[in-house]
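Novice: What follows is a structure written as structure tokens; I'll ask about it next.
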Amino acid sequence: DGGITQSPKYLFRKEGQNVTLSCEQNLNHDAMYWYRQDPGQGLRLIYYSQIVNDFQKGDIAEGYSVSREKKESFPLTVTSAQKNPTAFYLCASLNSRVALGNTIYFGEGSWLTVV
Amino acid sequence: GDSVTQMEGPVTLSEEAFLTINCTYTATGYPSLFWYVQYPGEGLQLLLKATKADDKGSNKGFEATYRKETTSFHLEKGSVQVSDSAVYFCALKVMGSGGSNYKLTFGKGTLLTVNP
């Protein structure tokens, strides 16, 4: 079945460590997004990518990095510079070739906890 | 800039009650509007959408009408069930510069709890 796969579902990070969250989609979508969700908060955009080898910062990019070497993959690295990384991370994708009504699809999310 | 404002939660209802979750927006362009639902520990699932003024999106008994004059997209359901307990997000999507750069903006979410 087509969809977005995020892994791992749960991840624990020690202080000072970098960790990478995986996001893979087989929907043939051009655009991919990373959001962060904190309890009682909405979704905040970290990074997004419209095409391979290109990405832009969202509203809260500091302490994060991404790459887009393949169309189907958009991994997110949470670096040690991110001071409060404990959150629920959501990856999404979109078919930007469709002008109207194109739907944003989400993965199941990854829980990151700093220990 | 673009923004979405949802009614503050949490909302607690009894089964079979009527549900309304208000959503208003501001957008720099002509947005498409969405409602997403998030069940505990899961990602977001599309509930319904509308792409132009006066369109009504509907799914699983939920409805929302795109009201351009009031910049609103309120979610309604006539008779809620316990299984509807979840967090609901209103969202808008507009096209950025260049014709292919879509920006997605979400509200903060409204927690709905339905009691038997």
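Sequence order for the protein chains is C and F. In this text, residue positions in the first sequence follow the numbering used here: the first is 148, and each later residue adds one. In this text, residue positions in the second sequence follow the numbering used here: the first is 1309, and each later residue adds one. From the three backbone atoms N, C-alpha and C, an ideal C-beta is built for every residue, glycine too.
Cβ atoms of Q172 of chain C and E219 of chain C: under 8 Å apart, would you say?
Specialist: Here residue 219 of chain C refers to the residue found at position 72 of the first sequence. Here residue 172 of chain C refers to the residue found at position 25 of the first sequence. Against a cut-off of 8 Å, the Cβ pair of Q172 of chain C and E219 of chain C comes out as a contact.
Novice: Any idea what DSSP makes of V1402 of chain F, helix, strand or coil?
Specialist: Against the second sequence, residue 1402 of chain F aligns to sequence position 94. Residue state, collapsed to three classes: strand.
Novice: What are the residues that DSSP puts in a beta bridge with V166 of chain C?
Specialist: Residue numbering aside, residue 166 of chain C sits at position 19 when the first sequence is read from its first letter. In DSSP, V166 of chain C forms a bridge with C:V225.
Novice: DSSP state of S1391 of chain F, grouped into three classes?
Specialist: Counting from 1 along the second sequence, the entry for residue 1391 of chain F is found at position 83. Reduced to three states, the DSSP call for S1391 of chain F is helix.
Novice: Does the stretch 179–198 of chain C come within contact of the stretch 156–163 of chain C, defined as at least 3 CB pairs closer than 8 Å?
Specialist: no
Novice: Is the beta carbon of K1411 of chain F closer than 8 Å to that of G1342 of chain F?
Specialist: Residue numbering aside, residue 1342 of chain F sits at position 34 when the second sequence is read from its first letter. Residue numbering aside, residue 1411 of chain F sits at position 103 when the second sequence is read from its first letter. The residue asked about is misnamed: residue 1342 of chain F is Phe in this sequence, not Gly. No. Outside cutoff.
Novice: Taking only three categories from DSSP, how would you classify V1312 of chain F?
Specialist: Within the second sequence, numbered from 1, the residue matching residue 1312 of chain F stands at position 4. Residue state, collapsed to three classes: strand.
Novice: Starting from the beta carbon of T250 of chain C, find every residue of chain F whose beta carbon is closer than 7 Å, and list them in chain order.
Specialist: By one-based count along the first sequence, residue 250 of chain C stands at place 103. Neighbourhood of T250 of chain C in chain F, by CB distance below 7 Å: L1354, K1357, in chain order.
Novice: So for N173 of chain C, helix, strand or coil by DSSP?
Specialist: Counting from one through the first sequence, the residue named residue 173 of chain C turns up at place 26. Reduced to three states, the DSSP call for N173 of chain C is coil.
Novice: Taking 8 Å as the CB-CB cut-off, is E334 of chain C touching chain F?
Specialist: Missing from the structure shown is residue 334 of chain C; chain C here goes from 148 to 262 and no further.
Novice: Determine the direct distance from the alpha carbon of L1354 of chain F to that of T250 of chain C, and round the result to whole angstroms.
Specialist: Here residue 250 of chain C is taken as the residue at index 103 of the first sequence, counted from 1. Here residue 1354 of chain F is taken as the residue at index 46 of the second sequence, counted from 1. Roughly 8 Å separates the two Cα atoms.
Novice: In chain order, what residues of the same chain lie with their CB nearer than 6 Å to the CB of L1509 of chain F, ignoring the 5 residues before and after it?
Specialist: Only positions 1309 to 1424 of chain F appear in this structure, which leaves residue 1509 of chain F out of reach.
Novice: Apply the 10 Å Cβ neighbour rule to F159 of chain C and answer buried if 16 or more other Cβ atoms are within range, or exposed otherwise.
Specialist: Within the first sequence, numbered from 1, the residue matching residue 159 of chain C stands at position 12. With fewer than 16 other Cβ atoms within 10 Å, it is exposed.
Novice: Could you give the distance in angstroms between the alpha-carbon of Q203 of chain C and the alpha-carbon of G1369 of chain F?
Specialist: By one-based count along the first sequence, residue 203 of chain C stands at place 56. By one-based count along the second sequence, residue 1369 of chain F stands at place 61. Straight across, the Cα-Cα distance linking Q203 of chain C with G1369 of chain F is about 38 Å.
Novice: Determine whether the Cβ of F1293 of chain F lies closer than 8 Å to any Cβ atom of chain C.
Specialist: Not covered by the structure: residue 1293 of chain F. The range shown for chain F is 1309 to 1424.
Novice: To the nearest angstrom, how far is it from the Cα of V225 of chain C to the Cα of V213 of chain C?
Specialist: Your numbering for residue 225 of chain C matches position 78 in the first sequence. Your numbering for residue 213 of chain C matches position 66 in the first sequence. The alpha-carbon atoms of V225 of chain C and V213 of chain C are separated by roughly 9 Å.
Novice: Report all residues from its chain with a CB closer than 6 Å to the CB of T1332 of chain F; omit the five preceding and five following residues, and keep chain order.
Specialist: Mapped onto the second sequence, residue 1332 of chain F falls at position 24. So the qualifying residues of the chain are T1313, T1379, S1380.
Novice: Beta-carbon separation of A239 of chain C and Y180 of chain C under 8 Å?
Specialist: Counting from one through the first sequence, the residue named residue 239 of chain C turns up at place 92. Counting from one through the first sequence, the residue named residue 180 of chain C turns up at place 33. It is a contact, given that the beta carbons lie within the stated cut-off.
Novice: Return the CA-CA distance between A234 of chain C and L259 of chain C, expressed in angstroms with no decimal places.
Specialist: Start at 1 with the first residue of the first sequence, and residue 234 of chain C comes out as number 87. Start at 1 with the first residue of the first sequence, and residue 259 of chain C comes out as number 112. When rounded, the distance between both Cα atoms is 6 Å.
Novice: Whose C-beta lies closer than 7 Å to the C-beta of V1390 of chain F among residues of the same chain, with five residues either side of it excluded?
Specialist: Counted from its first residue, the second sequence places residue 1390 of chain F at position 82. Taken in chain order, the residues that qualify are E1323, V1422, P1424.
Novice: Name, in chain order, the residues that DSSP records as bridge partners for Y1344 of chain F.
Specialist: If you number the second sequence from 1, residue 1344 of chain F lands on position 36. DSSP, once it has assigned bridges, lists F:L1354, F:F1397 as partnering Y1344 of chain F.
Novice: Which residues share a DSSP beta bridge with I151 of chain C?
Specialist: Numbered from its first residue, the first sequence carries residue 151 of chain C at position 4. C:Q172.
Novice: Exposed or buried, K1357 of chain F, counting other C-beta atoms within 10 Å across all chains shown (16 or more means buried)?
Specialist: Looking up residue 1357 of chain F in the second sequence gives position 49. Its Cβ being crowded by 16 or more others within 10 Å, K1357 of chain F is buried.
Novice: Got a sec: is the Cβ-Cβ distance from L1327 of chain F to anything in chain C below 8 Å?
Specialist: The sequence position of residue 1327 of chain F within the second sequence is 19, counting from 1. Chain C, which has no Cβ nearer than 8 Å to the Cβ of L1327 of chain F, makes this no.
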